[in-house]
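As numbered in mature numbering (1 follows the signal peptide of the UniProt record, and there is no 0), residues -20 to -1, 1 to 148 make up the sequence shown, in order.
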Amino acid sequence: MFKKALLAAALVSVSMSASANWVLGVSYSNLSDSDGDIDISLGGIVASAGYKYAVNQTFSLVPELRYGIGVSDDEIFGVDLELDSFYALSLRGEFDVTENVYAYIAPSYGKLEVTASAGGFSESDTSDWEFGIGGGLGYKFNPTTSAEVSYESFDGTDVLSIGAKFAF
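So, in structure tokens, the structure goes:
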């Protein structure tokens, strides 16, 4: 009896892992904002993890978590601005346009932490969680690898990203 239970558990775990739709990604994101004559542009590397639920043959939902850190800073009036971290939760609606091309729209909640420093002094500030909306296009090189370009807007902050996704 124990052998049958062990065999059944093994078959279930194999079938579950074979149908797993985990998606990991990495991207470069440029966050920009402007207020009058002041333009701010910060760059970051963002890692993402999600799970793809196929609704039908051409439409999927992908809940996704993203975390990023700054890699390029900006300076305004002698004050250095640095992106410390970026967090976002989103739910992507993904539509297969062709076999290799897909489009998506994603409402998101995100926040970021920045540091301003000048003359030996620095101050960090964390934003509130902000609602954002975005969309993008992706190209599947094969069933497990794709490239994406996307645009999002969070309360006046524009986020333009280019990256890669890996499914397993």
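All residues carry an ideal CB built from backbone N, CA and C; glycine is no exception.
If you ignore the 5 residues before and after TRP109, its C-beta comes within less than 6 Å of the C-beta of TYR89 and LYS91, all in its own chain and listed in chain order. C-alpha of GLY118 to C-alpha of GLU44: approximately 16 Å in a straight line. Contact check for VAL3 against TYR31 passes: the beta carbons are separated by less than 8 Å.
DSSP assignment within the segment 110 to 148 yields no whole alpha helix (DSSP H) run of 4 residues or more.
In the DSSP annotation of this structure, the continuous segment of the beta strand (DSSP E) that includes GLU62 starts and ends at 59 to 76.
Around the beta carbon of ALA34, fewer than 16 other beta carbons sit within 10 angstroms, so the residue counts as exposed. Following the DSSP letters along the chain, one finds VAL51 inside the beta strand (DSSP E) bounded by residues 39 to 52. Contact between TYR131 and GLY115 is confirmed by a C-beta separation of about 7 Å, below the 8 Å threshold. At a Cβ-Cβ threshold of 8 Å, SER9 and GLY23 count as neighbours.
For THR106 against GLU93, the beta-carbon gap comes to about 4 Å, under 8 Å, which counts as contact. Check the Cα spacing between ALA127 and each of ALA96, TYR84, ILE18 and GLY100: the tightest is with TYR84. Non-local C-beta neighbours of ASP135 in its own chain, meaning closer than 6 Å and more than five positions away in sequence, comprise GLU110, ordered along the chain. When beta bridges are read from the DSSP output, LYS91 appears opposite TYR67. DSSP lists ASP60 and SER102 as the bridge partner or partners of SER97.
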